[in-house]
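Beneath this line is the structure, given in structure tokens, with notes to follow.
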């Protein structure tokens, strides 16, 4: 890893105590795979360290380049970027350095919103061409959709197992799911089983006229999915007019029950496809939170970028990173007689420079070296912590995260009011656990 540059820009929306008056922030070049670190997480990382430089993506669709600077992006949405964002396929490289002054800078979140909107449009349009006849303007997304349709799914793509007596309604979904990074695997007989570890199982029963006497066969497949380790979430389609069968499907572990579409064409068929894709997306979100491996990848890239930064800039970067997950927070160094404030953000007034030892919520995190959430505190612990920090409006869903160096807790991060954005609490805990050696004395 190479390519060094310096920046003296202060941390925005954060205050950091600089014991040595040091300034400057040094960032290395990084390269990696999008399967390890997604586009959103990558931008979060670069924003946290206030990086400036060129960011390039290489995907099976092609290459794309962007410029980034202190939480802003210059560049256009394109097929390679949408493929990188939606499917986490390809590689990225960041080269630090000064960038030119482009015509338009966008905040990172706004640029990501554009990518997400383009990915959603591509997915919803599927393989159906929207090109009009008679010389009318062509659909601007058609070329993008056609490009993404040819993207080979990476190894380990999300497999959606569909067992349907009539698989025709799912043929129209294969292309759309492919653009989402999902691989549809179709079978027509319940005896075909689960296959190779699908993420979601869709069980689409025959029509009631042909289902008679076969209900137990389909239920057996459902129970197999529920008994797997880990369990495979399942969507049960059809058979809802039979009260006994519906009841058995619920008892057997079905995650969702959906009525079967009336046919393959028309508005109701389109509604069914939209509903099924949305339900699958919700199940994936519920059953696939940020994996520990994702948190580890984020941590390793952060450490690589900040390996030679001075302690005050590492603290500022950590606080900027945490601000994507917690609305407000403070970093406390563990000293013999007190907890010393190293910086914070989001609080209406400055926190006290020192917090006395003995606050239960803090001391338990030091002793156990484990993150502790407010739901795990003893009675009155959250109020005592708020009082020690001088937070008059109290703390809401607070979490105390230890920062470890050489087997000892050297600091604590106290985060309050978590949001659904950012890389999540798992990412915060994994990162803070390993940066104790970079915080300085």
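Residue numbers (this note's numbering): 114 to 554. Note that CB positions come from ideal geometry on N, CA and C, so glycine has one too.
Looking at the unbroken alpha helix (DSSP H) that takes in residue 361, where does it start and where does it end? To locate residue 361, count along the chain shown from 1; it is residue 248. Residues 356 to 364.
Residues near residue 499 in its chain [Cβ-Cβ closer than 7 Å; skip 5 each side]: Within the chain shown, residue 499 is the residue found at index 386, counting from 1. Hits under 7 Å: 507 and 508.
DSSP three-state label for residue 472, please. Taking the first residue of the chain shown as position 1, residue 472 is located at position 359. Residue 472 carries a coil assignment under DSSP once its states are collapsed to helix, strand and coil.
Pull up the CB-CB distance for residue 389 and residue 365, whole angstroms please, since I reckon it's below 8 Å. Taking the first residue of the chain shown as 1, we reach residue 389 at position 276. Taking the first residue of the chain shown as 1, we reach residue 365 at position 252. The beta-carbon separation of residue 389 and residue 365, rounded to 19 Å, does not stay under the 8 Å limit for a contact.
Using three-state DSSP, classify residue 402 as helix, strand or coil. Within the chain shown, numbered from 1, the residue matching residue 402 stands at position 289. Residue confidence for residue 402 is low, a pLDDT of 47 falling below 50, so the modelled location carries little weight and cannot support an answer.
Using the rule of at least 16 other Cβ atoms within 10 Å of the residue's Cβ for burial, across every protein chain shown, is residue 519 buried or exposed? Here residue 519 corresponds to residue number 406 of the chain shown, with the count starting at 1. Residue 519 counts as exposed, since fewer than 16 other beta carbons sit within 10 angstroms of its beta carbon.
Using 8 Å as the cut-off, can you tell me whether the region 172 to 185 makes contact with the region 437 to 448, which would need three or more C-beta pairs spanning the two stretches below that distance? Counting Cβ pairs under 8 Å, fewer than three are found: no touch.
Stretch pair the region 145 to 154 + the region 192 to 199: three plus CB contacts closer than 8 Å: The region 145 to 154 and the region 192 to 199 touch, with no fewer than 3 CB-CB distances between them shorter than 8 Å.
What's the gap between the Cα of residue 159 and the Cα of residue 284? By 1-based counting over the chain shown, the position of residue 159 is 46. By 1-based counting over the chain shown, the position of residue 284 is 171. Rounded to the nearest angstrom, the two C-alpha atoms are 40 Å apart.
Nearest CA to the CA of residue 342: which residue from 478, 380, 307 and 473? Counted from its first residue, the chain shown places residue 342 at position 229. When the alpha-carbon of residue 342 is set against those of 478, 380, 307 and 473, the nearest one is in 307.
Is it true that the CB of residue 298 sits closer than 8 Å to the CB of residue 282? Counted from its first residue, the chain shown places residue 282 at position 169. Counted from its first residue, the chain shown places residue 298 at position 185. When the beta-carbon positions are compared, residue 282 and residue 298 stay at least 8 Å from each other.
If distances are taken between C-alpha atoms only, which option among 372, 362 and 429 comes closest to residue 339? Position 226 of the chain shown holds residue 339. Selection 372, 362 and 429 evaluated against residue 339 yields 362 as nearest (Cα-Cα).
With H, G and I counted as helix, E and B as strand and the rest as coil, what does DSSP make of residue 328? Reading the chain shown from its first residue, position 215 is the one you call residue 328. In this structure, residue 328 counts as helix in the three-state DSSP scheme.
Identify which residue in 486, 314, 488 and 551 has its Cα closest to the Cα of residue 517. The residue you call residue 517 lines up with position 404 of the chain shown. When only C-alpha atoms are compared, the closest one is 551.
Residues sharing a beta bridge with residue 443, DSSP: The count along the chain shown starts at 1 and reaches residue 443 at position 330. DSSP lists 457 and 527 as partners of residue 443.
Tell me whether residue 539 sits in a helix, a strand or coil according to DSSP, three-state version. Sequence index remark: in the chain shown, residue 539 carries index 426 (1-based). Three-state DSSP puts residue 539 in a helix.
Top-ranked residue by Cα proximity to residue 487, from 392, 379, 511 and 386: Here residue 487 corresponds to residue number 374 of the chain shown, with the count starting at 1. The residue from 392, 379, 511 and 386 with its alpha-carbon nearest to that of residue 487 is 511.
Can you tell me the Cα-Cα spacing of residue 458 and residue 434, whole angstroms? Locating residue 458 in the chain shown gives position 345, counting from the first residue. Locating residue 434 in the chain shown gives position 321, counting from the first residue. Each residue's alpha carbon lies about 11 Å from the other.
Tell me which same chain residues have a C-beta within less than 6 Å of the C-beta of residue 300, skipping the five on either side of it? One-based indexing of the chain shown puts residue 300 at position 187. Non-local C-beta neighbours of residue 300 in its own chain, meaning closer than 6 Å and more than five positions away in sequence, comprise 276, ordered along the chain.
Which value, in whole angstroms, describes the spacing of the CA atoms of residue 490 and residue 327? Your numbering for residue 490 matches position 377 in the chain shown. Your numbering for residue 327 matches position 214 in the chain shown. The alpha-carbon atoms of residue 490 and residue 327 are separated by roughly 52 Å.
Could you tell me whether the Cβ atoms of residue 208 and residue 142 are closer together than 8 Å? The residue labelled residue 208 in the question sits at position 95 within the chain shown. The residue labelled residue 142 in the question sits at position 29 within the chain shown. Yes.
According to DSSP, which residues form a beta bridge with residue 55? Because the chain spans 114 through 554 in this model, residue 55 falls outside it and cannot be assessed.
Taking Cβ positions, are residue 412 and residue 228 nearer each other than 8 Å? The residue given as residue 412 occupies position 299 in the chain shown. The residue given as residue 228 occupies position 115 in the chain shown. In this structure, residue 228 does not lie closer than 8 Å to residue 412 by Cβ.
Cβ shell of residue 177 (< 6 Å), same chain only, five flanking positions each side left out: Here the question's residue 177 lines up with position 64 in the chain shown. The residues are 170, 191, 193 and 194.
Which one of 319, 234 and 219 has the shortest CA to CA distance from residue 302? As a position in the chain shown, residue 302 is number 189, starting the count at 1. Nearest C-alpha to residue 302: 319.
Between 481, 210 and 427, which lies nearest to residue 455 when the distance is taken from Cα to Cα? Your numbering for residue 455 matches position 342 in the chain shown. Ranking the options by Cα distance to residue 455, first place goes to 427.
Outcome for residue 214 when other beta-carbon atoms lying within 10 angstroms are tallied against a minimum of 16: To locate residue 214, count along the chain shown from 1; it is residue 101. Around the C-beta of residue 214, fewer than 16 other C-beta atoms lie within 10 Å, and the residue is accordingly described as exposed.
Taking the straight line between their C-alpha atoms, what separation do you get for residue 549 and residue 382? On the chain shown, position 436 is the one that residue 549 refers to. On the chain shown, position 269 is the one that residue 382 refers to. When the Cα atoms are used, residue 549 and residue 382 turn out to be separated by approximately 55 Å.
What do you reckon, are the CB atoms on residue 504 and residue 452 nearer than 8 Å? Walking along the chain shown from the start, residue 504 turns up at place 391. Walking along the chain shown from the start, residue 452 turns up at place 339. Not in contact: residue 504 and residue 452 (Cβ atoms no closer than 8 Å).
Proximity winner among 146, 450 and 391, relative to residue 203 (alpha-carbon distances): Reading the chain shown from its first residue, position 90 is the one you call residue 203. Looking from the CA of residue 203, the closest CA among 146, 450 and 391 belongs to 146.
Euclidean distance between Cα positions of residue 234 and residue 385: As a position in the chain shown, residue 234 is number 121, starting the count at 1. As a position in the chain shown, residue 385 is number 272, starting the count at 1. Straight-line measurement puts the Cα of residue 385 at about 18 Å from the Cα of residue 234.
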